[in-house]
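In this note's numbering, the protein residues as written are 152 to 489. Each residue gets a CB set at the ideal place from its N, CA and C atoms; glycine is no exception. Shown next, in structure tokens, is the structure this report addresses.
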């Protein structure tokens with residue numbers, strides 16, 4: 152398995168994006184999103200996505216040079232039309248808009264649609280937390296998940312992310328998870344490595360439990376996490392992300408195929424002194440870290456800490472890319488050079 156320096160992977164990714172017709176400014180945003188996902192250990196949302204993104208560009212489903220716009224605003228609410236461009240570019244504009252509106256009104260909600268896959272949604276709430284705000288993000292996507300008790304694909308993986316400042320000298324407290332038992336991209340990683348997955352995550356096309364990633368791609372479905380709990384949360388993400396944004400419900404006619412996204416920013420300063428809030432959140436994080444671990448665990452981690460630790464390690468020592476993924480990426484680069 153090759154291990155690439157951050158600089159080498161950035162250079163490679165920028166080259167591919169620019170060969171796909173992406174303007175340099177947008178290529179930087181998409182590159183930062185993809186390589187940033189690898190840096191924090193979310194390889195499912197990292198550079199392996201380039202091959203599917205290139206296919207979508209070829210099919211006309213991503214317009215690399217498209218410019219997103221804020222097409223309407225109503226006090227603390229706004230909407231971003233991505234014009235079918237890169238998802239991270241549209242979502243970054245949505246995040247910046249939410250931050251500006253929250254600073255004015257205390258809380259803001261911005262929706263985004265008509266854009267490609269926005270990537271790791273934890274990226275956007277992290278930006279809000281780093282700006283001294285509370286961030287929330289959710290989005291829907293193409294059906295991949297069966298409802299509790301079912302076997303047909305009805306929902307997307309419909310992730311949810313929340314983040315707050317983590318206190319002095321601590322990373323943001325950040326949760327980011329799919330409402331399925333596993334993100335679809337993590338199945339891609341497992342398939343690329345020739346690995347199986349844990350029980351209870353997928354069913355095959357006949358509705359039988361499976362641990363083979365290929366069964367999902369052969370007409371199977373992901374399962375919601377926590378049975379009815381993940382099902383219920385995924386349902387609400389589908390409604391909020393799909394309907395408030397205008398993208399639509401992914402399993403019903405009229406769905407546009409975008410990530411229907413809802414971004415919410417809360418300016419802490421409108422409710423309490425930001426420094427006090429951050430200090431108390433940090434004290435809770437420290438209390439959790441100091442608590443006694445259960446059998447089989449070295450210590451208790453705070454959400455956001457694993458990503459912070461992985462970032463430090465990979466930034467210093469490089470990013471591992473599975474052999475199959477790296478071969479596919481190199482072939483993509485060669486095909487764009489011909």
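Identify the residues that DSSP records as bridge partners of residue 415: which are they?
260, 287
Exercise for the section: Could you please give me the residues that DSSP links to residue 244 through a beta bridge? Expected result: Beta-bridge pairing links residue 244 to no other residue.
Task: C-alpha distance - residue 395 paired with residue 414, whole-angstrom precision - done: 11 Å
- [ ] Ignore the nearest five residues each way along the sequence and tell me which others in residue 174's own chain have a CB closer than 8 Å to its CB.
- [x] 215, 216
Can you find a CB in chain C that lies within less than 7 Å of the CB of residue 328? The displayed structure is made up of one protein chain only, and chain C is not part of it.
Note to self: Going by DSSP, what residue range makes up the beta strand (DSSP E) through residue 325?
What the structure shows: Counted as a single uninterrupted DSSP element, the beta strand (DSSP E) harbouring residue 325 occupies residues 324-328.
Please return the same chain residues whose Cβ sits closer than 7 Å to the Cβ of residue 476, not counting the five positions on each side in sequence. 199, 343
Applying the criterion that 16 or more other CB atoms from any shown protein chain within 10 Å of the CB defines a buried residue, is residue 409 buried or exposed?
-> It is buried - the Cβ of residue 409 has at least 16 other Cβ atoms within 10 Å.
**Item:** Cα-Cα separation between residue 332 and residue 239, rounded to whole angstroms
**Value:** For residue 332 and residue 239, the distance between alpha carbons rounds to 24 Å.
| Quick one: what does DSSP say residue 485 is sitting in, helix, strand or coil? | helix
Going by beta-carbon coordinates alone, are residue 270 and residue 401 separated by less than 7 Å?
For residue 270 and residue 401, no; Cβs fall outside 7 Å.
Exercise. Could you tell me whether the Cβ atoms of residue 252 and residue 227 are closer together than 7 Å?
Key: yes
- prompt: If you drop the 5 nearest sequence neighbours on each side, which residues of the same chain put their C-beta closer than 7 Å to that of residue 274?
  reply: 184, 187
For the candidate residues 163, 442, 272, 353, whose alpha-carbon lies nearest to that of residue 309? Relative to the Cα of residue 309, the nearest Cα in the group 163, 442, 272, 353 belongs to 272.
Q: Identify, in the order they occur along the chain, each residue of the same chain with its Cβ nearer than 7 Å to the Cβ of residue 156, setting aside the five sequence neighbours on each side.
A: Taken in chain order, the residues that qualify are 469.
Open item on the list: Spatial neighbours of residue 235 within its chain, please: C-beta separation below 6 Å, excluding the five flanking residues on both sides.
Closed with: 214, 217, 265
Residue 312 and residue 288 look like a contact to me (Cβ under 8 Å); what is the Cβ gap, rounded to whole Å?
For residue 312 against residue 288, the beta-carbon gap comes to about 5 Å, under 8 Å, which counts as contact.
With which residues is residue 367 paired in a DSSP beta bridge?
Bridge partners of residue 367: none, in fact.
Start and end residues, alpha helix (DSSP H) containing residue 427 | 425-441
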